[in-house]
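Following the numbering used here, the numbering of the sequence shown begins with 14 at its first residue and continues without gaps. In this text, a Cβ means the ideal position worked out from N, Cα and C, and glycines have one as well. Below: one structure, written as structure tokens.
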Amino acid sequence: MTFSVRWQDVVDILIVTFIIYKVFVFIKGTRAIHLISGLIIILFAYHISKRFDLFMMGWILDNFVSSIIIIIIIIFQNDIRRVLLAIGRNPFFKRITYVDETLFYDELADACVIMGKRKIGALIVIEREVGLEEFMEIGIKMDAEVNTELLLSIFQPSSPIHDGALIIREGRIRAASSILPLTLKSDLDKRFGTRHRAAIGITEVTDAVALVVSEENGQISYAYKGEIETGIDGDKLKETLKKLLR
């Protein structure tokens with residue numbers, strides 16, 4: 014018997030491999046990766062129950078496996094949404110030069126540091142691969158470069174658009190005063206207010222990076238994949254942004 018490989022087979026394998034890789038990239042570091050491990054264990058137990066005729070275990074797992082698609086959709090709804098929205102999106106810095114990219118980090122970090130010293134509250138969301146169009150629609154549309162002076166003026170308490178979130182896409186400010194979903198986590202630090210909860214919330218449903226400057230204590234924080242780190246300085250902020258946006 015001869016075995017031949019068609020070019021269609023190679024393309025098919027490459028496409029499936031790429032899709033699996035991208036899915037794991039999106040869920041890496043999230044709760045989904047742990048749930049997938051649990052599902053693999055359950056499927057293994059299901060196989061064992063069939064192999065050795067374990068009636069009761071087989072009956073329980075039969076009912077579970079028959080509903081597994083619905084269970085996966087319910088459990089992974091945020092991760093599935095993030096993957097579907099990301100299809101076709103391009104890298105963050107596709108339209109700006111390396112020099113502009115470097116200035117972007119400097120201007121954004123400097124603005125956060127200054128606002129922290131002045132205790133000016135701010136919430137800045139940076140789009141990555143998942144589009145934030147739905148959140149821009151309910152904000153004030155803009156198209157401006159990121160610079161320290163503009164950010165400071167937007168978040169001044171006297172500014173009519175200082176409330177809500179500022180959204181950055183492809184290195185430019187695209188919307189201000191946007192409303193974001195709040196996280197439903199119950200175990201958060203009691204010091205976290207609406208800005209921090211919104212920062213965590215948007216990173217639970219998208220792959221965005223959210224920056225928060227607290228008006229109470231001036232601390233700078235960033236949220237990513239539903240987790241938040243507080244008390245970072247300007248250098249740490251730039252380092253983090255370079256890592257997450259590339």
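- Item | Any chain C beta carbon closer than 8 angstroms to residue 251 | As a matter of chain content, chain C is missing from the structure shown, which is built from one protein chain.
- Task: Mark residue 18 as exposed unless 16 or more other C-beta atoms lie within 10 angstroms of its C-beta, in which case mark it buried.
- Result: For the purposes of this step, residue 18 is identified with residue 5 of the sequence shown, where counting begins at 1. Label assigned to residue 18: exposed.
- Query: How would you label residue 208, buried or exposed, when you count the other beta carbons within 10 angstroms and need 16 or more for buried?
  - Reply: Reading the sequence shown from its first residue, position 195 is the one you call residue 208. Around the beta-carbon of residue 208, 16 or more other beta-carbon atoms lie within 10 Å, marking it buried.
- CA-to-CA distance, residue 30 to residue 154, given in whole angstroms: Here residue 154 is taken as the residue at index 141 of the sequence shown, counted from 1. Here residue 30 is taken as the residue at index 17 of the sequence shown, counted from 1. Rounded to whole angstroms, residue 154 and residue 30 show a C-alpha spacing of 39 angstroms.
- Task: Within 10 angstroms of the Cβ of residue 51, are there 16 or more other Cβ atoms? Answer buried if so, exposed if not.
- Result: As a working mapping, residue 51 is identified with position 38 in the sequence shown. With fewer than 16 Cβ atoms within 10 Å of its Cβ, residue 51 is classed as exposed.
- Task: Check whether the Cβ atoms of residue 184 and residue 196 lie closer than 8 angstroms to each other.
- Result: Here residue 184 refers to the residue found at position 171 when the sequence shown is read from its first residue. Here residue 196 refers to the residue found at position 183 when the sequence shown is read from its first residue. In this structure, residue 196 does not lie closer than 8 angstroms to residue 184 by Cβ.
- Message: I need the DSSP call for residue 147, collapsed to helix, strand or coil.
- Response: Within the sequence shown, the letter at position 134 stands for residue 147. Residue 147 falls in the helix class under three-state DSSP.
- Go ahead and pull the three-state DSSP assignment for residue 114. Here residue 114 corresponds to residue number 101 of the sequence shown, with the count starting at 1. Three-state result, residue 114: helix.
- Task: For residue 53, count neighbouring C-beta atoms within 10 Å of its own C-beta (all shown protein chains included) and say buried if the count is 16 or more, exposed if not.
- Result: Position 40 of the sequence shown, counting from 1, holds the residue named residue 53. Residue 53 comes out exposed.
- Task: Excluding the 5 residues preceding and the 5 following residue 164 in the sequence, name in chain order all residues of the same chain whose CB lies nearer than 7 angstroms to its CB.
- Result: As a position in the sequence shown, residue 164 is number 151, starting the count at 1. Correct list, in chain order: 124.
- Query: So is residue 157 buried or exposed if we call it buried at 16+ other beta carbons inside 10 Å?
  - Reply: Taking the first residue of the sequence shown as position 1, residue 157 is located at position 144. Around the C-beta of residue 157, fewer than 16 other C-beta atoms lie within 10 Å, and the residue is accordingly described as exposed.
- Tell whether a beta-carbon distance below 8 angstroms holds between residue 1 and residue 143. Here the chain has residues from 14 to 259 only, and residue 1 is not among them.
- Hey, how far is the Cα of residue 149 from the Cα of residue 187? For the purposes of this step, residue 149 is identified with residue 136 of the sequence shown, where counting begins at 1. For the purposes of this step, residue 187 is identified with residue 174 of the sequence shown, where counting begins at 1. Taking the straight line joining both Cα atoms gives about 7 angstroms.
- Message: Could you tell me the alpha carbon to alpha carbon distance between residue 129 and residue 75, rounded to whole angstroms?
- Response: Numbered from 1 along the sequence shown, position 116 holds the residue referred to as residue 129. Numbered from 1 along the sequence shown, position 62 holds the residue referred to as residue 75. Spanning the two alpha carbons is a distance of roughly 56 angstroms.
- Item | Start-to-end residues for the alpha helix (DSSP H) that takes in residue 252 | Counting from one through the sequence shown, the residue named residue 252 turns up at place 239. Note, residue 252: alpha helix (DSSP H), 247 to 258.
- Out of 32, 229, 67, which has the shortest C-alpha to C-alpha gap to residue 203? Working through the sequence shown from its first residue, we reach residue 203 at position 190. The option with the nearest alpha carbon to residue 203 is 229.
- Query: Which term fits residue 83, buried or exposed, when burial requires 16 or more other beta carbons within 10 angstroms of its beta carbon?
  - Reply: Taking the sequence shown and counting its residues from 1, one reaches residue 83 at position 70. So residue 83 ends up on the exposed side.
- Task: Look at residue 221 and residue 235 and say whether their C-beta atoms are less than 8 angstroms apart.
- Result: Within the sequence shown, residue 221 is the residue found at index 208, counting from 1. Within the sequence shown, residue 235 is the residue found at index 222, counting from 1. No.
- Report the partner residues of residue 59 according to the DSSP bridge assignment. Position 46 of the sequence shown holds residue 59. As computed with DSSP, residue 59 is found in no beta bridge at all.
- Message: So residue 206 and residue 168 are supposed to be a Cβ contact under 8 angstroms. How far apart are they, rounded?
- Response: Residue mapping note: residue 206 aligns to position 193 of the sequence shown, counting from 1. Residue mapping note: residue 168 aligns to position 155 of the sequence shown, counting from 1. The C-beta separation of residue 206 from residue 168 comes to about 15 angstroms, leaving the pair out of contact by the 8 angstroms criterion.
- Query: In angstroms, rounded to a whole number, what distance separates the CA positions of residue 267 and residue 34?
  - Reply: Past the boundaries of the shown model lies residue 267; the chain is included only from 14 to 259, so the question cannot be answered.
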